[in-house]
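Going by my numbering, the sequence shown opens with residue 18, and the numbers climb by one from there. Where a beta carbon is used, it is the ideal one built from N, C-alpha and C, also for glycine.
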Amino acid sequence: MQTTPRHLTGRIVNLQHFCVDDGPGIRTTVFFKGCPLRCRWCHNPESQALSKEIMYFSDRCRLCGSCACVCTHGGHSLTAEGHLLDRSRCVRCGECVGRCAFGALEGVGRDCSIDEIMEELLSDRVFYETSGGGVTLSGGEPTMQPDFAMGLLSACKAEGLHTCIETCAYCQTETIVALSPLTDLFLVDWKLTDDDLHKSFTGVSNALIVENLEKLCELGSSVILRCPLIPEVNLERGHLDGIAAIANRLKNITAIDLEPYHPMGIGKTVALGKRPSYENPDFLDTVLADDARAYLQDIVNIPVSIR
Ligand code: SF4
Ligand code: SF4
18 MQTTPRHLTG RIVNLQHFCV DDGPGIRTTV FFKGCPLRCR WCHNPESQAL
68 SKEIMYFSDR CRLCGSCACV CTHGGHSLTA EGHLLDRSRC VRCGECVGRC
118 AFGALEGVGR DCSIDEIMEE LLSDRVFYET SGGGVTLSGG EPTMQPDFAM
168 GLLSACKAEG LHTCIETCAY CQTETIVALS PLTDLFLVDW KLTDDDLHKS
218 FTGVSNALIV ENLEKLCELG SSVILRCPLI PEVNLERGHL DGIAAIANRL
268 KNITAIDLEP YHPMGIGKTV ALGKRPSYEN PDFLDTVLAD DARAYLQDIV
318 NIPVSIR
């Protein structure tokens with residue numbers, strides 16, 4: 018296999034330390050930028066576009082004007098209506114972000130080399146070793162930057178670290194095959210069983226995802242299914258039966274994690290200058306989440322948990 022050069026760069030949103038929900042033990046999670054899906058309820062909309070972006074939080078803006086002074090592209094202006102960010106002028110240089118003393122502007126997306134990221138990941142080694150943890154690639158979607166993902170995982174394996182990928186599995190099957198020997202555990206999303214609904218709510222068919230789940234089974238890779246619970250989208254018994262059918266058919270699926278909807282993505286979507294396409298402001302009722310868990314647990318032979 019060809020070795021990925023350690024100076025290869027990839028684009029990430031951020032790197033998060035001490036994560037306990039992204040695989041076993043204490044983990045450091047690398048959030049990749051870019052995703053091929055457009056789930057309407059997305060919890061991390063800042064990771065969807067591969068391009069760098071600027072987020073503007075109007076509730077934090079004090080109208081100081083520092084951003085307008087520094088931007089040479091006319092991106093910011095202060096008018097009688099307040100502060101305006103003209104995204105058609107913005108070239109996403111990020112100059113204004115550092116000038117805003119109130120945290121109203123945030124740049125999303127930075128390019129890092131494998132070496133740079135490894136230095137940060139290895140600083141947490143003691144936590145991995147004492148907790149049985151490791152490194153997780155998440156996003157966004159790690160398979161959108163396959164060479165970078167493979168390079169990072171190879172570097173982690175060379176250091177003896179446990180590796181996970183959180184993925185929507187909507188990628189070329191050859192990418193899944195290449196990632197398999199480098200990944201100790203796949204956390205694969207399963208969002209909607211009905212393919213028409215899947216297309217409508219995520220923008221793509223789930224056929225390739227099924228194909229890749231089957232390939233992971235053939236390769237003997239360990240998989241945990243991760244299923245978001247979204248009100249008025251996928252709480253029906255038909256979808257829960259669909260989750261069970263996959264879990265009972267593919268013997269390498271070792272657990273099911275249910276992820277109840279939360280509305281945190283809405284404010285971030287607005288801050289990105291986009292219109293939310295799913296505007297439910299309420300957290301999923303815990304009774305509904307518990308019902309779904311109990312129903313599923315009765316029809317599968319693997320643990321079902323709520324994350
Ligand atoms: S990111 Fe750069 S171009 Fe865009 S608004 Fe800020 S300073 Fe202007
Ligand atoms: S620098 Fe920040 S607080 Fe000041 S006007 Fe610009 S966005 Fe608002």
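Task: Selection from F74, R44, T21 and F144 that minimises the alpha carbon distance to L289 - done: Of F74, R44, T21 and F144, the residue nearest in Cα terms is F74.
- [ ] Starting from F218, follow the alpha helix (DSSP H) in both directions and report where the run begins and ends.
- [x] Unbroken alpha helix (DSSP H) run through F218: D212 to T219.
Open item on the list: Please classify A121 as buried or exposed, where buried requires at least 16 neighbouring CB atoms within 10 angstroms.
Closed with: Under this definition A121 is a buried residue.
Open item on the list: Can you tell me whether C110 sits near ligand 2, meaning its C-beta is under 7 Å from at least one heavy atom of the ligand?
Closed with: It does not: the Cβ of C110 is nowhere closer than 7 Å to a heavy atom of ligand 2.
Open item on the list: Just list the residues that DSSP pairs F49 with in beta bridges.
Closed with: Beta-bridge pairing links F49 to I29.
TODO: Answer with buried or exposed for L230, where buried requires no fewer than 16 other C-beta atoms within 10 angstroms of its C-beta.
DONE: Under this definition L230 is a buried residue.
Open item on the list: I want to check one thing, is the minimum distance from the CB of C84 to the heavy atoms of ligand 2 below 7 Å?
Closed with: At least one heavy atom of ligand 2 falls within 7 Å of the beta-carbon of C84.
- [ ] Verify the contact flag: V87, CB atom, against every heavy atom of ligand 1, threshold strictly below 7 Å.
- [x] Proximity of the beta carbon of V87 to ligand 1 is indicated: a heavy atom of the ligand is located closer than 7 Å.
TODO: Would you please state the rounded distance, in angstroms, between the beta carbons of M167 and P53? I believe it to be under 8 Å.
DONE: With 8 Å as the limit, M167 and P53 do not qualify as a contact, their Cβ atoms being about 18 Å apart.
Task: Straight-line gap, W58 to M281 (C-alpha atoms, nearest Å) - done: Spanning the two alpha carbons is a distance of roughly 10 Å.
Open item on the list: Just to confirm, is the Cβ distance from G157 to K285 under 8 Å?
Closed with: No.
Task: Any alpha helix (DSSP H) of 4 or more consecutive residues that is wholly inside the segment 115–183 - done: Assignment of alpha helix (DSSP H) within the segment 115–183, counting only whole runs of 4 or more residues, yields 131–139, 142–148 and 163–175 in chain order.
Open item on the list: Run through the DSSP bridge pairs and tell me what S1 is partnered with.
Closed with: Given a span of 18 to 324 for the chain in the structure shown, any question on residue 1 remains unanswerable.
- [ ] Quick one: residues in its chain with C-beta nearer than 8 Å to the C-beta of N318, no 5 flanking neighbours on either side, listed in chain order?
- [x] The residues are N265.
TODO: Kindly list the residues whose CB is nearer than 7 Å to the CB of N269, restricted to its own chain and excluding five residues on each side of it in sequence; keep chain order.
DONE: Cβ within range, chain order: L233, C234, G237, S238, S239 and V240.
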